[in-house]
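Chains as they are written, first to last, in our numbering: chain A, 71 to 232; chain B, 10 to 178.
Structure record follows, encoded as structure tokens.
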């Protein structure tokens, strides 16, 4: 290859004006064993470029086939879970007999309630019956009315004295 | 889309994604992780893959953004000392000896370029994309790509000339 041509190419190369084809020519030229001594500097540069084109990616690619998870199913499952939870919560929880005043059987609870209500009315009646003694007082005051009779009779007596 | 179809699409450019990631992140392990991340993201969105005009360019853009994010989060964390690039930055003796090889100098010089120039050198001189593709990937104007590329190439040549002349190390 004509040296002039190479020098001209190099100048355009440094100005970023060469085509890819021309750059390939330069690479070819500088990969020769011998180059013009004053162009020796360029040799490592083009050698480096060529050498670096060879480097390859050696690692494996862990491509997992179609692991596109459908997130709609997660929401569906969540809804089912929530519904199930609510449903299970609504069922009466296990009855604890030992809690004070708690009964598991409705009949038993009813009996107990009516028993205590009867007791309340019993005591109430007792209270009311003691209040009945007040009638004796009324009776007493009723007998006091006889005093009026006495007054009547004394008035009659005094009348006769006048 | 089956795994096989997906791999057929991805295989041709997975190495390019890896090399681009490595250019930006430096460490091979991190570049591998980034590549895996990018490809898995593509796989996850495989239903949309047909809608992309240019899957390859799209992936390169994704890689670029991903790596920038990584670099940014690292800077924010300020964990320089436990940086996983630590060993590589610290250039062990072995590496220093190797650096005598001027090809490795090129790598070092490119590493010191600004991020955008790194990207463009990678995409143009190594992956050999044309300017329109690069402009699309980097969301830049065609002319801006050329200017940055020209700057990067000149910088590399100048630094190489310096090391050549002064015979560093």
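Ideal placement from N, C-alpha and C gives every residue a C-beta, glycine not left out.
Source: prediction; values computed, not measured.
* Asked: Taking one C-beta from the region 108-117 of chain B and one from the region 115-126 of chain A each time, how about it: are there three or more such pairs within less than 8 Å?
  -> When Cβ pairs closer than 8 Å are counted between the two stretches, the region 108-117 of chain B is seen to touch the region 115-126 of chain A, the count reaching three or more.
* State the start and end residues of the unbroken alpha helix (DSSP H) segment that holds residue 85 of chain A. => Element bounds for residue 85 of chain A: n/a, residue is neither H nor E.
* To do: Could you have a look at residue 92 of chain B and say whether DSSP puts it in helix, strand or coil?
  => Reliability of the predicted coordinates at residue 92 of chain B is poor, the pLDDT of 48 falling under 50, and no value is obtained from them.
* Residue range of the alpha helix (DSSP H) that residue 117 of chain B falls in? -> Start and end: 111-120.
* Contacts that residue 126 of chain A makes with chain B (C-beta to C-beta distance below 9 Å) -> Chain B residues near residue 126 of chain A: 23, 24, 27 and 28.
* **Contacts that residue 48 of chain B makes with chain A (C-beta to C-beta distance below 7 Å)** => The answer, in chain order, is 131.
* Closest to residue 56 of chain B by CA distance: which of B:82, B:77, B:11 and B:84 is it? -> Of the listed residues, the one whose Cα sits closest to residue 56 of chain B is B:11.
* Asked: Would you say the region 207-219 of chain A touches the region 18-37 of chain B, given that touching needs at least three Cβ pairs under 8 Å?
  -> Under the three-pair Cβ rule at 8 Å, the region 207-219 of chain A does not count as touching the region 18-37 of chain B.
* **Beta-carbon neighbours of residue 85 of chain A, restricted to chain B and to distances below 7 Å** => Here the neighbours are 159.
* To do: Could you pull out every residue in the same chain whose Cβ sits closer than 8 Å to the Cβ of residue 6 of chain B, ignoring the five residues on either side in sequence?
  => Lying outside 10 to 178, the shown extent of chain B, residue 6 of chain B is not represented and no answer is given.
* **Coarse secondary structure for residue 108 of chain B, derived from DSSP in three states** => At residue 108 of chain B the pLDDT is 47, less than 50, meaning the model places this residue with poor confidence; the figure from the coordinates comes in the next sentence. In the three-state reduction of the DSSP assignment, residue 108 of chain B falls in the coil class.
* Reduced DSSP category for residue 98 of chain B - H, G, I as helix; E, B as strand; rest coil -> Residue confidence is low: residue 98 of chain B scores 48 on pLDDT, short of 50, so the model does not pin down where it sits. Its coordinate-derived value is still stated next. Note: residue 98 of chain B maps to helix in three-state DSSP.
* Asked: Roughly how many whole angstroms lie between the Cα atoms of residue 144 of chain B and residue 79 of chain A?
  -> Looking at the two C-alpha atoms, the distance is approximately 23 Å.
* Note the first and the last residue of the continuous alpha helix (DSSP H) segment covering residue 212 of chain A. => 204-214 is the span of the alpha helix (DSSP H), which, as asked, contains residue 212 of chain A.
* Report the rounded CA-to-CA distance for residue 203 of chain A versus residue 197 of chain A, giving the unit in angstroms. => Cα-Cα distance, rounded: 11 Å.
* Asked: Short check: CB of residue 134 of chain B to CB of residue 125 of chain A, under 8 Å?
  -> At the C-beta level, residue 134 of chain B and residue 125 of chain A stay beyond 8 Å of one another.
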